[in-house]
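Protein chains in written order, with this note's numbering: chain S, 1 to 291; chain X, 1001 to 1260.
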């Protein structure tokens, strides 16, 4: 009784405003787009239920959409790798700092994440802008080599830089949580046995940190895959990702069934990746425990 | 404690610089006496004066505050209930429903709620945005509250029950005061998430309703102006303040090893 009084209201709210809309979207993906956008009536004039798989067929047969998915996955992968490269030294340093400094160092990683998402995108518009120091410098160097000026803003470079910037904390946190638990004695033993710094890292630290790497990779890759604001603001005409495609379907071409199909495929990809990351992470942890 | 290698320090410092230089630039240029965000000309407060006289900006700020207050209030009540329920009972559906909105890409929640509201003939505006914000804030509040409960001595509540308190009384006079820092931290977090949200608001606001992030979006789509720097600086200050207070109240908020 008390159980239902406590869990009932939040459960009901999330059912109505999360689960039901998600189910409606699944249903919408099997319907026909309306004449003026949105959805055509569920039951047509002849009284037949109008459900079909046309939007799914369209996704599978028109290769332009597969290309967008591949491009999104590619951008998300590059973002994940760049985040890993930046986060690893940072997480190592924090994990090896004296305990009293760790919270502050960690707070400094998280704080930018709490500033407004659009402000963080806007900051890169300023930095990469055509009149800013960076663009003048880069193009100055290029001109010296006789190469033409390149725009930094509205390019894949701008999109990727900002993707890395926005997602970096998600990689640092799980990596730190993992590295913090490492036993220094293992590294000391390896050193006594003659392993150099590179070997100690590559043979001990890195394999032990894999669960943290996988968790961080999932936390970066999945949101990066569905992003739309960053390519929308910083990207050029070639930087259309799944997120932009979904936005177009809902707000511009107003083809809701196709937009729903894209959203569902994106969700399934995200869930699949999260599942794989959790599975690999568990297996890695079990392996580390055995070792 | 051994000394770290210099290259580790350099790489970590570079990463911190990467995180902070962009934000510092936004703040610094908000005081710059030039239309272009390109080089420092001189100090001015003009952009803040412009901001204070900009009716669109003030209306958007009003909308954002109204939505954030409503959303944080309702989601704190529902999220606290969810946190308590997750801590005390073995439930099957609630854990999934609480965490799913946090785990899936934000854009999905935005578009599915757009379809939902339009099909139900709910006019898109302040109400639909607030309803959407509540839905994604519940999970964050629930996590913070549950973390607080996990660190609490449950025998205190049981003692109150043994002394004859009804479950409601035991909760009101023993459990709730003990988890209050977690509840307040959750509320501040919900407020911050709501006032900063762009993606879900973008899909559920409709054409007529503008919040601060939506206004910033439409301004930067047209051009870069220091007025955006000024409003960004103020928004960052507000968020910083709220998060520091929330972190003081609930230290687990900043610990990465919490179970999600």
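Don't be surprised by glycine CBs; every beta carbon is placed ideally from N, CA and C. Predicted model only: the values in this text are computed from it and were never measured.
Hey, is the segment 58–68 of chain S in contact with the segment 192–210 of chain S, meaning 3+ C-beta pairs nearer than 8 Å?
No, the segment 58–68 of chain S is not in contact with the segment 192–210 of chain S.
In the segment 151–206 of chain S, which residue ranges form an unbroken alpha helix (DSSP H) of at least 4 residues, counting only runs that do not cross its ends?
156–179, 184–192 and 197–200
Given that a residue counts as buried once 16 or more other Cβ atoms are within 10 Å of its Cβ, and exposed if not, what is residue 1229 of chain X?
Sequence index remark: in the second chain, residue 1229 of chain X carries index 229 (1-based). Buried, since its Cβ has 16 or more Cβ neighbours within 10 Å.
Closer than 7 Å by beta-carbon distance: list the chain S residues that pair up with residue 1121 of chain X, in chain order.
For the purposes of this step, residue 1121 of chain X is taken as the residue at position 121 of the second chain. Ordered by position in chain S, no residue passes the 7 Å Cβ test against residue 1121 of chain X, which lies about 12 Å from the chain.
Since residue 270 of chain S meets chain X, which of its residues come closer than 7 Å, beta carbon to beta carbon?
Locating residue 270 of chain S in the first chain gives position 270, counting from the first residue. Simply 1104 and 1105.
Is residue 179 of chain S near the ligand ATP - that is, is its Cβ less than 7 Å away from at least one heavy atom of it?
Questions concerning the ligand ATP fall outside what the structure shown contains, since it holds no ligand whatsoever.
Would you say residue 1184 of chain X faces chain S, with C-beta separation under 8 Å as the test?
On the second chain, position 184 is the one that residue 1184 of chain X refers to. Taking Cβ atoms only, chain S never reaches closer than 8 Å to residue 1184 of chain X, which makes this a no.
Along chain C, in chain order, which residues have C-beta atoms closer than 9 Å to that of residue 159 of chain S?
Of the protein chains in this structure, namely S and X, none is chain C.
Give me the subset of the segment 103–125 of chain S whose CB atoms are less than 8 Å from a CB atom of chain X, sorted by chain position.
Answer in chain order: 103, 106, 107, 108, 109, 110, 111, 112, 114, 115, 116, 117, 118, 119, 120, 121, 122, 123, 124 and 125.
Measure the alpha-carbon distance for residue 1162 of chain X versus residue 1151 of chain X and round it to whole angstroms.
For the purposes of this step, residue 1162 of chain X is identified with residue 162 of the second chain, where counting begins at 1. For the purposes of this step, residue 1151 of chain X is identified with residue 151 of the second chain, where counting begins at 1. Spanning the two alpha carbons is a distance of roughly 21 Å.
Just the Cα atoms here: how many angstroms apart are residue 1222 of chain X and residue 1215 of chain X?
Reading the second chain from its first residue, position 222 is the one you call residue 1222 of chain X. Reading the second chain from its first residue, position 215 is the one you call residue 1215 of chain X. Approximately 11 Å, taken between the alpha carbons.
By Cβ distance, which residues of its chain are closer than 7 Å to residue 186 of chain S, with the 5 residues on each side in sequence left out?
For the purposes of this step, residue 186 of chain S is taken as residue 186 along the first chain, with counting starting at 1. These residues qualify, in order along the chain: 204.
Taking only the alpha-carbon atoms, compute the straight-line gap between residue 1080 of chain X and residue 1183 of chain X and give it to the nearest angstrom.
Taking the second chain and counting its residues from 1, the one referred to as residue 1080 of chain X is at position 80. Taking the second chain and counting its residues from 1, the one referred to as residue 1183 of chain X is at position 183. Taking the straight line from one Cα to the other gives about 7 Å.
Can you find a CB in chain S that lies within less than 8 Å of the CB of residue 1048 of chain X?
Residue numbering aside, residue 1048 of chain X sits at position 48 when the second chain is read from its first letter. No, no contact with chain S.
Give, in chain order, every unbroken run of the alpha helix (DSSP H) that is at least 4 residues long and sits entirely within the segment 1036–1099 of chain X.
1046–1052 and 1055–1088
Whether residue 174 of chain S touches residue 215 of chain S by CB criterion (8 Å)
Position 174 of the first chain holds residue 174 of chain S. Position 215 of the first chain holds residue 215 of chain S. Cβ distance < 8 Å, so residue 174 of chain S and residue 215 of chain S count as in contact.
Chain X contacts from the segment 15–33 of chain S (Cβ-Cβ distance under 8 Å)
15, 17, 18, 19, 20, 21, 22, 24, 25 and 28
Examine the Cβ distances between the segment 41–55 of chain S and the segment 1114–1128 of chain X and report whether three or more of them are shorter than 8 Å.
no
Interface partners of residue 1221 of chain X on chain S, CB under 9 Å
Taking the first residue of the second chain as 1, we reach residue 1221 of chain X at position 221. Those are 232 and 233, listed as they occur along chain S.
Proximity test, Cβ basis, 8 Å: residue 1026 of chain X and chain S
Counting from one through the second chain, the residue named residue 1026 of chain X turns up at place 26. Chain S, which has a Cβ nearer than 8 Å to the Cβ of residue 1026 of chain X, makes this yes.
May I ask you to list, following chain order, the residues of the segment 252–263 of chain S that have a beta carbon less than 7 Å from some beta carbon of chain X?
Within the segment 252–263 of chain S, the residues whose Cβ lies closer than 7 Å to any Cβ of chain X are, in chain order, 256, 259 and 263.
What are the boundary residues of the alpha helix (DSSP H) that residue 1180 of chain X is part of?
Indexing the second chain from 1 puts residue 1180 of chain X at position 180. First-last of the alpha helix (DSSP H) with residue 1180 of chain X: 1176–1196.
What is the rounded straight-line gap between the Cα of residue 197 of chain S and the Cα of residue 88 of chain S?
As a position in the first chain, residue 197 of chain S is number 197, starting the count at 1. As a position in the first chain, residue 88 of chain S is number 88, starting the count at 1. Cα to Cα, the separation comes out at about 15 Å.
Spatial neighbours of residue 1213 of chain X within its chain, please: C-beta separation below 7 Å, excluding the five flanking residues on both sides.
Counting from one through the second chain, the residue named residue 1213 of chain X turns up at place 213. Taken in chain order, the residues that qualify are 1196, 1197, 1198 and 1201.
Over the uninterrupted alpha helix (DSSP H) stretch that includes residue 84 of chain S, give me the two end residues.
Position 84 of the first chain holds residue 84 of chain S. Looking at the DSSP string, the run of the alpha helix (DSSP H) that includes residue 84 of chain S is 63–96.
Beta-carbon within less than 6 Å of residue 212 of chain S's beta-carbon, same chain only, minus the 5 sequence neighbours each way: which residues are those?
As a first step, residue 212 of chain S must be located in the first chain, where it is residue number 212. Once the five neighbours on either side are set aside, the close Cβ partners of residue 212 of chain S are 174, 175 and 178.
Tell me which residues of the segment 1051–1065 of chain X have at least one Cβ-Cβ distance to chain S shorter than 7 Å, keeping chain order.
If the cut-off is 7 Å between Cβ atoms, the segment 1051–1065 of chain X has nothing near chain S.
Rounded to whole angstroms, what is the Cα-Cα separation between residue 1227 of chain X and residue 1028 of chain X?
Reading the second chain from its first residue, position 227 is the one you call residue 1227 of chain X. Reading the second chain from its first residue, position 28 is the one you call residue 1028 of chain X. Spanning the two alpha carbons is a distance of roughly 12 Å.
Where residue 1256 of chain X sits in the DSSP three-state scheme
The residue given as residue 1256 of chain X occupies position 256 in the second chain. In this predicted model, residue 1256 of chain X has a pLDDT of only 40, less than 50, meaning its place in the structure is not dependable enough to derive any value.
Assuming the contact rule is C-beta atoms closer than 8 Å, residue 1112 of chain X and residue 1204 of chain X should be a hit. Round their C-beta distance to whole Å, please.
Within the second chain, numbered from 1, the residue matching residue 1112 of chain X stands at position 112. Within the second chain, numbered from 1, the residue matching residue 1204 of chain X stands at position 204. Wrong, their Cβ atoms sit about 10 Å apart, outside the cutoff.
Closest Cβ-Cβ distance between residue 6 of chain S and chain X: below 8 Å?
Indexing the first chain from 1 puts residue 6 of chain S at position 6. Proximity of residue 6 of chain S to chain X, defined by a Cβ-Cβ separation below 8 Å, is satisfied.
At the 8 Å Cβ level, is residue 1256 of chain X part of the contact set with chain S, yes or no?
On the second chain, residue 1256 of chain X is found 256 positions in, with the first residue counted as 1. In this prediction, residue 1256 of chain X has a pLDDT of 40, which is less than 50 and means its spatial position is unreliable; nothing more can be read from the coordinates.
Do we get a CB-CB distance below 8 Å when we pair residue 1259 of chain X with the residues of chain S?
Here residue 1259 of chain X corresponds to residue number 259 of the second chain, with the count starting at 1. In this prediction, residue 1259 of chain X scores a pLDDT of 37, lower than 50, which makes its location untrustworthy; the coordinate-derived value is nonetheless stated afterwards. False, the Cβ-Cβ gap to chain S never drops below 8 Å.
Are residue 1140 of chain X and residue 1102 of chain X closer than 8 Å when you measure CB to CB?
Taking the first residue of the second chain as position 1, residue 1140 of chain X is located at position 140. Taking the first residue of the second chain as position 1, residue 1102 of chain X is located at position 102. One thing to note: residue 1140 of chain X has its Cβ within 8 Å of the Cβ of residue 1102 of chain X.
Excluding the five sequence neighbours on either side, which residues of its own chain have a C-beta within less than 7 Å of the C-beta of residue 1016 of chain X, listed in chain order?
Numbered from 1 along the second chain, position 16 holds the residue referred to as residue 1016 of chain X. None.
Residue 1031 of chain X CB to nearest chain S CB: under 8 Å?
Residue mapping note: residue 1031 of chain X aligns to position 31 of the second chain, counting from 1. Judged by the 8 Å Cβ criterion, residue 1031 of chain X is not in contact with chain S.
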